[in-house]
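Please read the structure below before turning to the comments.
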Amino acid sequence: MKEFMMIFVGADYADLGLSPEELQNRMGKWFAWGQKMEEAGILRGGEALTPNMRRIVGENRTVTDLTSAEVKEIVGGYYTVAAKDFDAVQDIAQDFPDYDLGGTVEIREIMVFDR
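To convert, note that position 52 of the sequence shown is 52 in this note's numbering; the numbers rise steadily by one, no gaps.
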């Protein structure tokens with residue numbers, strides 16, 4: 001088995017104006033998806049990320065603080081999973097809760113270095 005990262009890109013929930021009930025329902029979908037992967041023994045980890053960002057760029061190390069309001073899409077979180085290949089992870093990603101909000105799942109294989 002290889003390890004992959006599913007990176008979740010989309011709008012910040014706070015910027016979408018979801019009601020408390022909608023937020024609770026959406027979080028329930030996230031928890032159910034995570035539980036499904038845990039029960040299948042493929043979930044290796046993951047976290048949600050806050051919408052606040054700090055970028056440090058270039059030789060001069062220019063620092064910019066940003067919020068989700070200043071960027072179109074943000075990386076809202078990630079899961080790492082064990083799977084045979086990209087197709088298997090694509091199958092896992094079918095249950096991503098935010099497709100209906102225009103969300104995106106980016107799949108990246110985790111590189112393993114020999115020591």
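From the three backbone atoms N, C-alpha and C, an ideal C-beta is built for every residue, glycine too.
Considering only C-alpha positions, which residue in the set the options is nearest to residue i?
i, options, result
"residue 81", "18, 35, 66 and 70", "35"
"residue 67", "55, 78 and 6", "55"
"residue 46", "92, 89, 106 and 5", "5"
"residue 93", "83, 84, 105 and 85", "105"
"residue 43", "112, 100 and 89", "89"
"residue 29", "98, 83, 73 and 39", "98"
"residue 23", "31, 13 and 32", "13"
"residue 52", "60, 32, 91 and 76", "76"
"residue 116", "3, 16, 41 and 2", "Given that the chain is displayed from residue 1 to residue 115, the structure contains no residue 116 and the question cannot be resolved."
"residue 79", "64, 65 and 95", "95"
Quick one: what does DSSP say residue i is sitting in, helix, strand or coil?
i, result
"residue 113", "coil"
"residue 82", "strand"
"residue 44", "strand"
"residue 2", "strand"
"residue 59", "coil"
"residue 20", "helix"
"residue 98", "coil"
Can you tell me where the beta strand (DSSP E) with residue i in it begins and where it stops?
i, result
"residue 66", "62–66"
Identify the residues that DSSP records as bridge partners of residue i: which are they?
i, result
"residue 10", "74"
"residue 53", "66"
"residue 106", "7"
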